[in-house]
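First the structure, in the form of structure tokens, and then the observations on it.
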Amino acid sequence: MDQSTSGDAPGTGLAWADVEACTLPTADRPLRVAEFDDLFTTSLRSIDQPSDTYAHLVLTGNNELAHRARRLSEAETACCSFFTFTVSEPQPGHVSLDIEVPPARANVLTGLLDRARAVLAAAS
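For the sequence shown, this note's numbering begins at 38 and goes up steadily by one.
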């Protein structure tokens, strides 16, 4: 699967990444895109975005899903510190992923959610 889209930051493979704000090495960026795409493809069930700076995603999967979502969230926050991810597991295999960004980074959240929505659309 091609990891780039026409809205990607040049040379990054990340439609949502602001090149100046992301400290992930350029060579690792397509791998991060693939991790998010895989999480969305295998687990994403719904997206609720009540504001430009906040989204709530519902994921379902096996008992390792919460750990997987936490690991990916922590990795993304390490290179893009403006993200705030909250992972909760109301019951095994059911995960809530809340994502917040400051207003100046709303476009970054929009880019990430555009990828997630494309996965949902392809699955239906």
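Ideal Cβ positions, reconstructed from N, Cα and C, are used throughout, including at glycine.
Item: Residues of its chain near residue 102, where Cβ-Cβ distance is below 7 Å and the 5 sequence neighbours each way are ignored; Value: 80, 96, 130 and 132
Item: Integer Cβ distance of residue 76 from residue 112, believed to fall under 8 Å; Value: Not confirmed; about 11 Å, so no contact.
Item: Exposure label - residue 45; buried when at least 16 CB within 10 Å; Value: Low confidence applies to residue 45: its pLDDT is 43, below 50, so where it sits in the model is not reliable, and the reading given next is rough at best. Burial call: buried.
Item: Residue 82: first and last residue of the uninterrupted beta strand (DSSP E) it sits in; Value: 81 to 88
Item: Separation of residue 159 from residue 115, as counted between CA atoms; Value: 30 Å
Item: Simplified DSSP assignment, three categories, for residue 126; Value: strand
Item: C-alpha gap between residue 145 and residue 128, whole angstroms; Value: 30 Å
Item: Span separating the alpha-carbon of residue 61 from that of residue 71; Value: 14 Å
Item: Residue range of the alpha helix (DSSP H) that includes residue 150; Value: 143 to 160
Item: Rounded separation between residue 152 and residue 137 - CA only; Value: 16 Å
Item: For residue 168: DSSP bridge partner residues; Value: No answer is possible for residue 168: the residues shown for the chain start at 38 and end at 161.
Item: Local conformation of residue 109 per DSSP, three classes; Value: helix
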